[in-house]
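Take -10 as the starting number for the sequence shown in the numbering used here and just add one per residue. For every residue, glycine included, the Cβ atom is placed at its ideal position computed from N, Cα and C. Notes for the one structure printed next.
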Amino acid sequence: MADKKRRITSVDVAREAGLSRATVSFVLNNTPGQSIPEATRQRVLRAADKLGYTPYAPARTLRSGRSDVALFVLPDWPQGPTMAALVDRAAQVLGQAGLTLITHVHAGHDDGLAQLWSALSPAAVFGMRPFTAAELEGMRRVRIPAVLPPVEQPGYDVGSTLWINGVGRLQAQYLIGKGHRRLAYVLPDDPRLEVLGRGRAEGAMQACGEAGLQEPVVRTITLDTESAASAVASWQNTATAVCAYNDEVALAVLAGMRALGVSLPVIGVDDIPAARFAVPALTTVAQDSGAIGERIAKALIKALNNEDPELGSLPSDLIRVVERDSA
-10 MADKKRRITS VDVAREAGLS RATVSFVLNN TPGQSIPEAT RQRVLRAADK LGYTPYAPAR
50 TLRSGRSDVA LFVLPDWPQG PTMAALVDRA AQVLGQAGLT LITHVHAGHD DGLAQLWSAL
110 SPAAVFGMRP FTAAELEGMR RVRIPAVLPP VEQPGYDVGS TLWINGVGRL QAQYLIGKGH
170 RRLAYVLPDD PRLEVLGRGR AEGAMQACGE AGLQEPVVRT ITLDTESAAS AVASWQNTAT
230 AVCAYNDEVA LAVLAGMRAL GVSLPVIGVD DIPAARFAVP ALTTVAQDSG AIGERIAKAL
290 IKALNNEDPE LGSLPSDLIR VVERDSA
């Protein structure tokens, strides 16, 4: 029996199974081109299971030239339930393909990514923000097989792709469809959300432009009643409806309106549980973030297989308005 204080290796499995190291290695590594009888393969797997053998990732990396890691590079955003659902579903899909998802929150002002490339040798990388030229060069240097968004798309910007810009557009289109001609857009006072907030506000601006309307009045607030009331007071005689960056901002706007004794239609984003219990219940944009995560994961797998990842704009059916009393 192998010493339990050290890692179980293929040598231990070979000894337990009474087979050669070569045969055991072929089975454990699923080596192509080898004709291993099924009975022998099962014998190896039973021995490995009995001993608690797990593949040694660094050795696998040396053999293949890459790890079985897929890396998601996330900006320094607050990681709420929407992002959690995206990552969880992506991890499931990648896991079914034999890949392990690792997330890394990157503020974009250090060399942390270069260290990750060297330490992990990831099979695939997905960026939720644009990579810099230096970061892309670092990935080329270590020969990461799959990188999304593709290197040949230097204009990629998280604010105008996937679901961010489209969310703001959908908010504005909904309110315009209700007859509102002058909108306000309220953003949170959080520098980490500047890119996302700008992208959503720009989506609303585009919708207003397409409808022949003035751009929304954009205000930034802290998440308290006084700040929200000040914003509402500044445009309540011009704007007739409000788009909020997310449901938390929308709830603050509702509180500010109550403090002023006024009422305007409000639409948020994310459909958090508290949205349905707000007074009035909050109209919001729900995102199928699990489906988005699955889409990203499948795109990475296709890229690894040298297929077209087909990762373009988010299909419109993955975001929808949940209509309640606030709008």
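Cβ neighbour criterion (16 or more within 10 Å) applied to residue i
i: Ser370; result: The requested residue 370 is not part of the displayed model; the chain covers only -10 to 316.
i: Pro262; result: exposed
i: Thr43; result: exposed
i: Ala200; result: exposed
i: Ala73; result: exposed
i: Gly148; result: With a pLDDT of 40 at Gly148, under the threshold of 50, the modelled position of this residue cannot be trusted; read the value that follows with caution. By the neighbour-count rule (16 or more Cβ atoms within 10 Å), Gly148 is buried.
i: Val251; result: exposed
i: Glu5; result: buried
i: Gly192; result: buried
i: Thr272; result: buried
i: Arg130; result: exposed
i: Glu126; result: exposed
i: Asn226; result: exposed
i: Val82; result: buried
i: Asn295; result: exposed
i: Ser278; result: buried
i: Ala3; result: buried
i: Glu299; result: exposed
i: Gln203; result: exposed
i: Ser24; result: exposed
i: Ser9; result: exposed
i: Phe320; result: Given a span of -10 to 316 for the chain in the structure shown, any question on residue 320 remains unanswerable.
i: Val231; result: buried
Cross-strand partners of residue i (DSSP beta bridge)
i: Ala275; result: Arg309
i: Pro177; result: Ile210
i: Ala113; result: Ala59, Ala135
i: Ala316; result: For Ala316, which the question treats as bridged, DSSP gives no partner whatsoever.
i: Val231; result: Ala173, Val255
The beta strand (DSSP E) enclosing residue i, as first and last residue numbers
i: Val184; result: It is not in any beta strand (DSSP E) - Val184 instead sits in the alpha helix (DSSP H) that spans 183 to 199.
i: Val251; result: Note, Val251: premise wrong, no beta strand (DSSP E); not H, not E.
Endpoints, the alpha helix (DSSP H) within which residue i is located
i: Gly168; result: Premise fails: Gly168 is in no alpha helix (DSSP H) and is neither H nor E.
i: Ala263; result: Per DSSP, Ala263 belongs to no alpha helix (DSSP H) and is neither H nor E.
i: Gly127; result: 122 to 130
i: Ala270; result: Unbroken run through Ala270: none, as it is neither H nor E.
i: Glu27; result: 27 to 40
i: Arg4; result: -1 to 6
i: Arg10; result: 10 to 17
Integer-rounded CB distance, given that residue j should sit under 8 Å from residue i
i: Met117; j: Val62; result: 7 Å
i: Ala37; j: Leu289; result: The pair is not a contact, with the Cβ atoms about 29 Å apart (cut-off 8 Å).
i: Ile256; j: Gln276; result: Wrong, their Cβ atoms sit about 14 Å apart, outside the cutoff.
i: Val94; j: Val274; result: Going by Cβ atoms, the distance from Val94 to Val274 rounds to 24 Å, so no, they are not a contact pair.
i: Thr89; j: Val58; result: 5 Å
i: Gly282; j: Leu75; result: 4 Å
i: Ala233; j: Val175; result: 5 Å
i: Ala190; j: Arg208; result: With a Cβ gap of about 10 Å, Ala190 and Arg208 do not count as contacting.
i: Ala228; j: Leu164; result: Not quite, the Cβ-Cβ distance comes to about 10 Å (not below 8 Å), so this is no contact.
i: Pro177; j: Leu212; result: 7 Å
Closer than 7 Å: residue i CB and nearest the ligand PLP heavy atom
i: Leu17; result: The ligand PLP is not among the ligands present in this structure, which contains no ligands whatsoever.
### Message
Please give the ranges of any beta strand (DSSP E) in the region 59 to 106, keeping only runs that are unbroken, at least 3 residues long and fully inside the region.
### Response
89 to 94
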